[in-house]
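Taking it in order: structure first as structure tokens, then the write-up.
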Amino acid sequence: MLRKNEPQESFYQYLMSRRNLKKVDDPIANFANNAFYDESFPKQSKNYNKISNYLEEYGSYLPNMTIFDKVWQQYQDNIH
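Laid out in structure tokens, this is it:
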């Protein structure tokens, strides 16, 4: 059973909706494209801290955490 305001899809599932192989100058699309190829990405997680910690340690493809924070906010807005 889902708790109130808990997203049904994981962050990764939402991020995959932002993939775009043609927009090479879009940092969010690049993040999504790179996460797609990251076999260790926490694909089932809906937890900000778990994903943020993972990206800080292993997300060398992410130029800065501001990009993650922006997509996370969009993910949260999408569930409300």
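The sequence shown runs 15 to 94 under our numbering.
By construction, the Cβ of each residue, glycine as well, lies at the ideal position given by its N, Cα and C atoms.
Worksheet item: Does the distance from the C-beta atom of Y89 to that of F25 stay below 8 Å?
Response: yes
Item to complete: Between the Cα of L35 and those of D83, A43, V85, spot the shortest distance and give me the residue it belongs to.
Response: A43
Item to complete: Please state whether DSSP places E70 in a helix, a strand or coil.
Response: Note: E70 maps to helix in three-state DSSP.
Worksheet item: By Cβ distance, which residues of its chain are closer than 7 Å to M15, with the 5 residues on each side in sequence left out?
Response: With a pLDDT of only 44 at M15, under 50, the local geometry of the prediction cannot be trusted, and no value is derived from it.
Worksheet item: When the distance is taken between beta carbons, is S66 closer than 8 Å to F45?
Response: no
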